[in-house]
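Here's the structure we're looking at; comments come further down.
Structure below.
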């Protein structure tokens, strides 16, 4: 954009410096790109088991449904082996029973992280209030 001779006389700023605006905009875009995946994963809360559990008076002793990921496609729910596609139906039916409160999840070593997260998501969608993740191979049968 060319300035007329009349516009360049006298005191004042004749051109707007766009560099700071562009710099701030790029910093905001990069920050949003980096923070979006972290914000999505912050919805998973991890709680360690306490030494002194809180006593709850109830006639029914709540139990955890034992879920073991055997392979990429097979999951064992208590004694029943199902595919990952049917896990939500089977687990949802078990969690609707009053004696079950949550899920105890164990995973074989050869199972991928994506399969583990998929089973974790399906357990949460099935209505598991508590999800305990077993550490080590001894939990997988």
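Residue numbers (this note's numbering): 17 to 157.
Heads up, the beta-carbon is just placed ideally off N, CA and C, and yes, glycines get one too.
Just so you know, these numbers come straight off a predicted model, no measurement behind them.
#1: For residue 47, does the three-state DSSP call read helix, strand or coil?
#2: Would you mind working out which of 54, 42, 30, 148 sits nearest residue 120, comparing C-alpha positions?
#3: Please report how far the alpha carbon of residue 115 lies from the alpha carbon of residue 106, in whole angstroms.
#4: Consult DSSP for residue 118 and reduce its assignment to one of helix, strand or coil.
#5: Whole-angstrom Cβ separation of residue 80 and residue 117, contact assumed at under 8 angstroms?
#6: So if DSSP puts residue 85 in a beta bridge, which residue, or which two residues, is it bridged to?
#7: Locate the beta strand (DSSP E) running through residue 148, then write down its first and last residues.
#8: Taking all protein chains shown into account, do 16 or more other C-beta atoms lie within 10 angstroms of the C-beta of residue 109, making it buried, or fewer, making it exposed?
#9: Just to confirm before moving on: does the CB-CB distance between residue 93 and residue 103 stay below 8 angstroms?
#10: Using 10 angstroms around the beta-carbon of residue 151, count the other beta-carbons present and answer buried if the total reaches 16, otherwise exposed.
#11: When the Cα atoms are used, what is the spatial distance from residue 123 to residue 84?
#12: What do you get for residue 127, buried or exposed, if any count of 16 or more other CB atoms within 10 angstroms of its CB means buried?
#13: Evaluate residue 32 with the Cβ neighbour count: other Cβ atoms within 10 Å of its Cβ, from every protein chain shown; 16 or more gives buried, anything less gives exposed.
#14: State the start and end residues of the unbroken alpha helix (DSSP H) segment that holds residue 106.
In short, the structure shows the following:
#1: Numbered from 1 along the chain shown, position 31 holds the residue referred to as residue 47. Of the three classes helix, strand and coil, the one that applies to residue 47 here is helix, per DSSP.
#2: In the chain shown, the residue the question calls residue 120 occupies position 104. Of the listed residues, the one whose Cα sits closest to residue 120 is 148.
#3: The residue you call residue 115 lines up with position 99 of the chain shown. The residue you call residue 106 lines up with position 90 of the chain shown. Going by the C-alpha atoms only, they are around 15 angstroms apart.
#4: Within the chain shown, residue 118 is the residue found at index 102, counting from 1. Three-state DSSP puts residue 118 in a strand.
#5: On the chain shown, residue 80 is found 64 positions in, with the first residue counted as 1. On the chain shown, residue 117 is found 101 positions in, with the first residue counted as 1. Yes, residue 80 and residue 117 are in contact; Cβ-Cβ is about 7 angstroms, under 8 angstroms.
#6: Counted from its first residue, the chain shown places residue 85 at position 69. Residue 85 pairs with 91, 123.
#7: By one-based count along the chain shown, residue 148 stands at place 132. Start and end: 146 to 149.
#8: The residue you call residue 109 lines up with position 93 of the chain shown. It is exposed - the Cβ of residue 109 has fewer than 16 other Cβ atoms within 10 Å.
#9: For the purposes of this step, residue 93 is taken as the residue at position 77 of the chain shown. For the purposes of this step, residue 103 is taken as the residue at position 87 of the chain shown. A contact, by the Cβ cut-off of 8 angstroms.
#10: Sequence index remark: in the chain shown, residue 151 carries index 135 (1-based). With fewer than 16 other Cβ atoms within 10 Å, it is exposed.
#11: As a working mapping, residue 123 is identified with position 107 in the chain shown. As a working mapping, residue 84 is identified with position 68 in the chain shown. Each residue's alpha carbon lies about 6 angstroms from the other.
#12: Residue mapping note: residue 127 aligns to position 111 of the chain shown, counting from 1. Classification of residue 127: buried, given that the 10 Å Cβ count is 16 or more.
#13: Taking the chain shown and counting its residues from 1, the one referred to as residue 32 is at position 16. Exposed.
#14: Taking the chain shown and counting its residues from 1, one reaches residue 106 at position 90. Note, residue 106: alpha helix (DSSP H), 103 to 111.
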